[in-house]
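Asks: Which chain is which? The protein sequence lines are S and U, in order. Per numbering that gives the first Met the number 0, residue 0 is the first one in the first sequence, and the count goes up by one each step. Per numbering that gives the first Met the number 0, residue 0 is the first one in the second sequence, and the count goes up by one each step.
Number of protein chains: 2
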Amino acid sequence: MPRLIVLYNNPEDTDAFDAHYRDTHTPIVSRYPNLRDMRLSKVAGVGGRESAFYLMAEMVFDSAADLDEALMSEAGAASAKDLRNFAGAGVTMFVAPDEADA
Amino acid sequence: MPRLIVLYNNPEDTDAFDAHYRDTHTPIVSRYPNLRDMRLSKVAGVGGRESAFYLMAEMVFDSAADLDEALMSEAGAASAKDLRNFAGAGVTMFVAPDEADA
Numbered sequence: 000m001p002r003l004i005v006l007y008n009n010p011e012d013t014d015a016f017d018a019h020y021r022d023t024h025t026p027i028v029s030r031y032p033n034l035r036d037m038r039l040s041k042v043a044g045v046g047g048r049e050s051a052f053y054l055m056a057e058m059v060f061d062s063a064a065d066l067d068e069a070l071m072s073e074a075g076a077a078s079a080k081d082l083r084n085f086a087g088a089g090v091t092m093f094v095a096p097d098e099a100d101a
Numbered sequence: 000m001p002r003l004i005v006l007y008n009n010p011e012d013t014d015a016f017d018a019h020y021r022d023t024h025t026p027i028v029s030r031y032p033n034l035r036d037m038r039l040s041k042v043a044g045v046g047g048r049e050s051a052f053y054l055m056a057e058m059v060f061d062s063a064a065d066l067d068e069a070l071m072s073e074a075g076a077a078s079a080k081d082l083r084n085f086a087g088a089g090v091t092m093f094v095a096p097d098e099a100d101a
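(1) Would you kindly check if the distance between the Cβ of U/Val-94 and the Cβ of U/Leu-66 is under 8 Å?
(2) Would you check if the segment 76-84 of chain U and the segment 38-45 of chain U touch, i.e. whether three or more CB-CB distances between them fall below 8 Å?
(3) Three or more beta-carbon pairs under 8 Å between the segment 69-80 of chain S and the segment 29-37 of chain U, yes or no?
(4) Would you call the CB atoms of S/Phe-52 and S/Tyr-7 closer than 8 Å?
(5) Closer than 8 Å, CB to CB, is S/Thr-13 near chain U or not?
(6) Is the beta carbon of U/Glu-11 closer than 8 Å to that of U/Ala-88?
(7) Throw me the rounded Cβ distance for the U/Met-58 and U/Leu-34 pair, which I believe falls under 8 Å.
(8) So which residues on chain S does U/Arg-46 lean against when the C-beta distance must stay under 7 Å?
(9) Out of S/Thr-91, S/Asp-97, S/Pro-96, state which residue places its alpha-carbon closest to the alpha-carbon of S/Val-5.
(10) Please confirm whether S/Ala-64 and S/Pro-96 have their CB atoms less than 8 Å apart.
(11) S/Arg-35 CB to nearest chain U CB: under 8 Å?
(12) Mind listing the chain U neighbours of S/Ser-50? Cutoff is C-beta to C-beta under 7 Å, in chain order.
(13) Quick check on U/Met-55 - is its C-beta less than 8 Å from some C-beta in chain S?
(14) When you compare only the Cα positions, how much space is there between S/Glu-68 and S/Ala-79?
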């Protein structure tokens, strides 16, 4: 199933980031039409190195069309707008289509 | 289940990258002890923007201990060493622990 993946850089204040993500951003994302699943991972570095990222959010949809519709929705616009309220450290997003098992 | 996630920057020559990944790198990664699944996604940008990354590889394990063991294994060392043969455009890796459903 296609995923919208958002990687958040390490914030200056992780407690404030977590609180905003939980109390404000997640409720917005939850309004995405046809959102099937939302997975959050606090990521860690490999081999003792610090991770470039703090949080990975994966929003799962049934189809690429559903994903595009979510991005174009009112919730999609509100979610993008909300980034400026808590993701000033930087954010990277991309779409992972249906993965192929290797 | 914990995942080792590797993001590859856009290569100069995608055909050469794909061939090396398929014929050389995947067989090395397949030797990771206790590897449960390997998922490959050719990623795309959001909203018409180009993606910062070309390929996302997700290596899935039953436990954090298994993941660490794979990294420390002969295959883990060979995999890291092989990066210089095809991933000169850059690579970012991190560990996503068991995700929490939001």
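Where is the CB? At the ideal position from N, CA and C, for every residue including glycine.
Replies: Once the coordinates are examined:
(1) Residue mapping note: residue 66 of chain U aligns to position 67 of the second sequence, counting from 1. Residue mapping note: residue 94 of chain U aligns to position 95 of the second sequence, counting from 1. In contact: U/Leu-66 and U/Val-94 (Cβ atoms closer than 8 Å).
(2) Output reads no: the segment 76-84 of chain U does not touch the segment 38-45 of chain U.
(3) Under the 8 Å Cβ criterion, the segment 69-80 of chain S does not count as touching the segment 29-37 of chain U, having fewer than three qualifying pairs.
(4) Position 53 of the first sequence, counted from the first residue, corresponds to residue 52 of chain S. Position 8 of the first sequence, counted from the first residue, corresponds to residue 7 of chain S. When the beta-carbon positions are compared, S/Phe-52 and S/Tyr-7 come within less than 8 Å of each other.
(5) Here residue 13 of chain S corresponds to residue number 14 of the first sequence, with the count starting at 1. It does not: the Cβ of S/Thr-13 has no partner Cβ on chain U nearer than 8 Å.
(6) Counting from one through the second sequence, the residue named residue 88 of chain U turns up at place 89. Counting from one through the second sequence, the residue named residue 11 of chain U turns up at place 12. Cβ atoms of U/Ala-88 and U/Glu-11: closer than 8 Å.
(7) Sequence index remark: in the second sequence, residue 58 of chain U carries index 59 (1-based). Sequence index remark: in the second sequence, residue 34 of chain U carries index 35 (1-based). Here U/Met-58 really is in contact with U/Leu-34; their C-beta atoms are around 6 Å apart, less than 8 Å.
(8) As a working note, residue 46 of chain U is residue 47 in the second sequence. Note that residue 46 of chain U is Gly in the sequence shown here, rather than Arg. Chain S residues near U/Gly-46: Leu-70.
(9) Position 6 of the first sequence holds residue 5 of chain S. Selected option, being the one with the closest Cα: S/Thr-91.
(10) For the purposes of this step, residue 64 of chain S is taken as residue 65 along the first sequence, with counting starting at 1. For the purposes of this step, residue 96 of chain S is taken as residue 97 along the first sequence, with counting starting at 1. Contact flag unset, no.
(11) Sequence index remark: in the first sequence, residue 35 of chain S carries index 36 (1-based). Chain U contact via Cβ: absent.
(12) The residue given as residue 50 of chain S occupies position 51 in the first sequence. Within chain U, the residues placing a beta-carbon under 7 Å from that of S/Ser-50 are Phe-93, ordered along the chain.
(13) For the purposes of this step, residue 55 of chain U is taken as the residue at position 56 of the second sequence. Closer than 8 Å to some Cβ of chain S, the Cβ of U/Met-55 qualifies, so yes.
(14) In the first sequence, residue 68 of chain S corresponds to position 69, counting from 1. In the first sequence, residue 79 of chain S corresponds to position 80, counting from 1. Here the alpha carbons of S/Ala-79 and S/Glu-68 stand approximately 14 Å from one another.
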